[in-house]
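**Student:**
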Amino acid sequence: MRRTTRESGAALVLLLGVIATLAVLAATAVFVLANQQGATAADRTRSEAFNYAEAGLDSAVMAVRTTTWPAPGGAFDQATLRAAYDATYPPGNRPALTIKVYDNQATVDEAITWDKGGPTSATTPDGKLWVESSVAYNGKTSRVRTLVGQVNSTGSFSMPAAAIYSDANVAFTSGGGDAFGIKYPSEASTSWVPDTDKNAAIYAGGNFVGNWNTDLAPNGGAATLQIKTNGTVYNPKLKINPAVAGSGGVPPLSTVLPQATIDTLKAEAMAGNPTKANPGGTIADAALIAQLQRTSPQTYNATTDLVVDGDLKLGGGESWFNFRSLYVTGNLTLNGNTHTNATAIYVGGTFTISGPSGTSQFGPIYVRGNVNWGGALTIKTTDYTNPAAEPGPIYVGGSFTSAGGPFQHVFGPAYVQGAVTFSGNNAQILCPLLVSPGAITTSGSGGFGTVDDPMILLGIDDGTAATRAIQLSADAVLTGLVINVDGGVNLNNDGDGTFFIRGAVMSTGDVRFTNNGNVGYDPRALANLQITAATTTTTVVPGTWQELPAN
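Under our numbering, read the sequence shown as residues 25 to 575, first letter to last.
Structure follows, in structure tokens:
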């Protein structure tokens, strides 16, 4: 049937409407698609900027975790912070990276690039630093940061089985010096036998040089030590002549004796600082000082802590002085036939002992200046009012010289900022730990430590480029461990007897033997050492990651 004209017109209008609608929908789709594509591109750019920033943060955190933190006023090396990032992305394809490491102060100050304080105290280091990474990429900037913290832990130090451990050379230059190992047949045994099983070794980062006397045995016979070196080995006594290549594989001393352990030993040795004496005690007037310094015999028993503003000299006829805390701002001198005790002593100047004998108990000692002790006085840092108390610490800001004899020193941990000289004869030194950045020298005869109470003698870096050897000479025995991380160790250097180390020696410099000096590795004595191994673990603090605004 034929459509009417009106019907045809309506269909045409409908068709045009449908076409128009489709056109609008198509245009809308194109617009939406374009917007979506633009948004996707922006998101992709933002995501790539974020990924680069995260990679930079990972690189910086790795460096902060594995390198030494800067001292006050210092900063991390930028090349070290970005090393992993630069190694991952080729130079032509990586966007510019900005790394910042700064303290976690309550108010951010990016100029403080070391651990100065924290949110609760701006000047007390808390072992935490912010690490921030920022990248600008195709107009988009991404900034992220996280907090990195250090946790210190302690444990028992594991001693390597080493009679000698040197980063340099071990040399028997002349005389009948030797090194050897011993062992005990059983736990109950008090006598030792040569360790022909060679459980211990001599380790040298350089060369080992023996001579015609170096049989590495205590009384002749089979060798009792292995030799491991990164250099060569020469020992004509054991028919190693000419020199041969060493075993290799000797790591630096710092890997078996890390700086953290050295720092812990130093801190333990400095237990006497600050002083344990009382600066707020009763001030001695002129009359009391005159009474104390008279030369006629007397007995003085203090009832309060005493402060002497100036020098104090005790001497003359046989006298007894029993102080509580004694705080002397100047020099303290003990001579004549005096018997002096105290619960703690502070000396602002020089502490001199030249005449007394017998035994004095001083409690903890702090001397700001030098110590010059001679004569035959046995000195203990125990508390004469408390027989059960352990020996207290001794701290010396200057040099320490002990001469004369016979006598005994019984100390707790000791620290001497200056030179240390022991030259007494028939002297017995009982001190678990003595640390000094100064020159350490022994002469005379006597003993340092015992198998049950061994001693650690530690020479540390004095902060200068120069190194210095520990000089051990004359006829004495040191039972324990001798360590020098600022040079070598010379046994019997120009001495006149045999210095016997019963334990072990460790040094960053040469270990040299002359004039019959020797070392006997004693595992029992070393097992009795009180060494705390410190470990610092650096890691990301959980829950501190942040994405920061671009500005």
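Just so you know, even glycine gets a beta-carbon here, dropped at the ideal spot from N, CA and C.
(1) What separation, rounded to the nearest whole angstrom, lies between the Cα atoms of G421 and L481?
(2) According to DSSP, is D309 helix, strand or coil?
(3) How would you write the range of the alpha helix (DSSP H) that S278 sits in, first residue to last?
(4) Can you give me the Cβ contacts of G379 inside the same chain, cut-off strictly under 6 Å, excluding the 5 residues immediately before and after it?
(5) Does the separation of the CB atoms of A248 and L240 fall below 8 Å?
(6) With a 10 Å radius around its C-beta and 16 neighbouring C-beta atoms as the bar for buried, classify G205 as buried or exposed.
(7) Using only CA atoms, which one of I307, L336 and N176 lies nearest to L316?
(8) Cutting at 8 Å between CB atoms, please list the residues of its own chain near G225, excluding the five before and the five after it.
(9) Taking Cβ positions, are I369 and A438 nearer each other than 8 Å?
(10) What are the residues that DSSP puts in a beta bridge with W236?
(11) Is it the case that the Cβ atoms of V434 and P415 are separated by a distance below 8 Å?
(12) Would the beta-carbon of G483 fall within 8 Å of that of L454?
(13) Using only the alpha-carbon positions, how far apart do T556 and K290 sit?
(14) Expressed to the nearest angstrom, what Euclidean distance is found between the alpha-carbon atoms of F446 and G234?
(15) Roughly how many angstroms separate the alpha carbons of T165 and G273, rounded to a whole number?
(16) Classify W236 as buried or exposed, calling it buried when 16 or more other Cβ atoms lie within 10 Å of its own Cβ.
(17) Using the C-alpha atoms, what's the distance from T367 back to I313?
(18) Could you give the C-beta distance for G471 and V501, rounded to a whole number, given that I count them as a contact under 8 Å?
(19) Where T560 and P260 are concerned, what is the direct C-alpha to C-alpha distance, given to the nearest angstrom?
(20) Got a sec, what are the start and stop residues for the beta strand (DSSP E) K404 sits in?
(21) Identify whether M86 lies in helix, strand or coil by the three-state DSSP scheme.
(22) Can you say whether N575 is buried or exposed, counting buried as having 16 or more other CB atoms within 10 angstroms of its CB?
(23) For a quick check, are the C-beta atoms of T374 and N355 less than 8 Å apart?
(24) Who are the near neighbours of L458 in its chain, counting only those whose CB is closer than 6 Å to its CB and skipping five residues on each side?
(25) Please classify Y439: does DSSP put it in a helix, a strand, or coil?
(26) Which residues bound the beta strand (DSSP E) around Y113?
(27) DSSP three-state label for F74, please.
(28) Under 8 Å, Cβ to Cβ, is there at least one residue of chain C near L171?
(29) Quick one: is K263 buried, meaning 16 or more other Cβ sit within 10 Å of its Cβ, or exposed?
(30) What residues are listed by DSSP as bridge partners for L121?
**Tutor:** Taking the structure as given:
(1) On the sequence shown, position 397 is the one that residue 421 refers to. On the sequence shown, position 457 is the one that residue 481 refers to. Rounded to whole angstroms, G421 to L481 spans 17 Å at the Cα level.
(2) Residue numbering aside, residue 309 sits at position 285 when the sequence shown is read from its first letter. Here D309 sits in coil by DSSP.
(3) The residue you call residue 278 lines up with position 254 of the sequence shown. From DSSP, the alpha helix (DSSP H) with S278 extends over L277 to V280.
(4) Stepping through the sequence shown from its first residue, residue 379 is reached at position 355. If we look at G379 and ignore the five residues flanking it on each side, its Cβ neighbours are N359, G360 and G399.
(5) Here residue 248 corresponds to residue number 224 of the sequence shown, with the count starting at 1. Here residue 240 corresponds to residue number 216 of the sequence shown, with the count starting at 1. Looking at the sequence provided, one finds Thr at residue 248 rather than Ala. Yes.
(6) Working through the sequence shown from its first residue, we reach residue 205 at position 181. Buried is the call here.
(7) To locate residue 316, count along the sequence shown from 1; it is residue 292. The candidate whose alpha carbon is nearest that of L316 is L336.
(8) As a position in the sequence shown, residue 225 is number 201, starting the count at 1. One point to set straight first is that residue 225 is Ala, not Gly, in the sequence displayed. Cβ neighbours of A225 beyond the five flanking positions: A185, A186, A187, L249, Q250, I251 and K252.
(9) Locating residue 369 in the sequence shown gives position 345, where the first residue counts as 1. Locating residue 438 in the sequence shown gives position 414, where the first residue counts as 1. No, these two residues do not count as a Cβ contact at 8 Å.
(10) Reading the sequence shown from its first residue, position 212 is the one you call residue 236. None; W236 has no bridge partner.
(11) Your numbering for residue 434 matches position 410 in the sequence shown. Your numbering for residue 415 matches position 391 in the sequence shown. Closer than 8 Å, so yes.
(12) In the sequence shown, counting from the first residue as 1, residue 483 sits at position 459. In the sequence shown, counting from the first residue as 1, residue 454 sits at position 430. It is not a contact, given that the beta carbons lie outside the stated cut-off.
(13) Position 532 of the sequence shown, counting from 1, holds the residue named residue 556. Position 266 of the sequence shown, counting from 1, holds the residue named residue 290. Their backbone Cα atoms lie some 11 Å apart in a straight line.
(14) Start at 1 with the first residue of the sequence shown, and residue 446 comes out as number 422. Start at 1 with the first residue of the sequence shown, and residue 234 comes out as number 210. One C-alpha to the other measures close to 29 Å.
(15) Stepping through the sequence shown from its first residue, residue 165 is reached at position 141. Stepping through the sequence shown from its first residue, residue 273 is reached at position 249. Roughly 48 Å separates the two Cα atoms.
(16) Here the question's residue 236 lines up with position 212 in the sequence shown. So W236 counts as exposed.
(17) Within the sequence shown, numbered from 1, the residue matching residue 313 stands at position 289. Within the sequence shown, numbered from 1, the residue matching residue 367 stands at position 343. Roughly 19 Å separates the two Cα atoms.
(18) Position 447 of the sequence shown, counting from 1, holds the residue named residue 471. Position 477 of the sequence shown, counting from 1, holds the residue named residue 501. About 5 Å separates the two Cβ atoms, so the contact holds.
(19) For the purposes of this step, residue 560 is taken as residue 536 along the sequence shown, with counting starting at 1. For the purposes of this step, residue 260 is taken as residue 236 along the sequence shown, with counting starting at 1. So the two alpha carbons sit approximately 45 Å from each other.
(20) For the purposes of this step, residue 404 is taken as residue 380 along the sequence shown, with counting starting at 1. First-last of the beta strand (DSSP E) with K404: A400 to K404.
(21) Position 62 of the sequence shown, counted from the start, is the residue given in the question as residue 86. In the structure shown, M86 sits in a helix (DSSP, three-state: H, G or I).
(22) Here residue 575 refers to the residue found at position 551 when the sequence shown is read from its first residue. Burial call: exposed.
(23) Numbered from 1 along the sequence shown, position 350 holds the residue referred to as residue 374. Numbered from 1 along the sequence shown, position 331 holds the residue referred to as residue 355. Contact flag set, yes.
(24) Position 434 of the sequence shown, counted from the first residue, corresponds to residue 458. These residues qualify, in order along the chain: A438 and L481.
(25) The residue given as residue 439 occupies position 415 in the sequence shown. DSSP places Y439 in strand when its eight states are reduced to three.
(26) Within the sequence shown, the letter at position 89 stands for residue 113. Element bounds for Y113: n/a, residue is neither H nor E.
(27) If you number the sequence shown from 1, residue 74 lands on position 50. Reduced to three states, the DSSP call for F74 is helix.
(28) Judged by its chain identifiers, the structure shown contains no chain C, having just a single protein chain.
(29) Taking the sequence shown and counting its residues from 1, the one referred to as residue 263 is at position 239. By the neighbour-count rule (16 or more Cβ atoms within 10 Å), K263 is not buried but exposed.
(30) Mapped onto the sequence shown, residue 121 falls at position 97. For L121, which the question treats as bridged, DSSP gives the partners V159.
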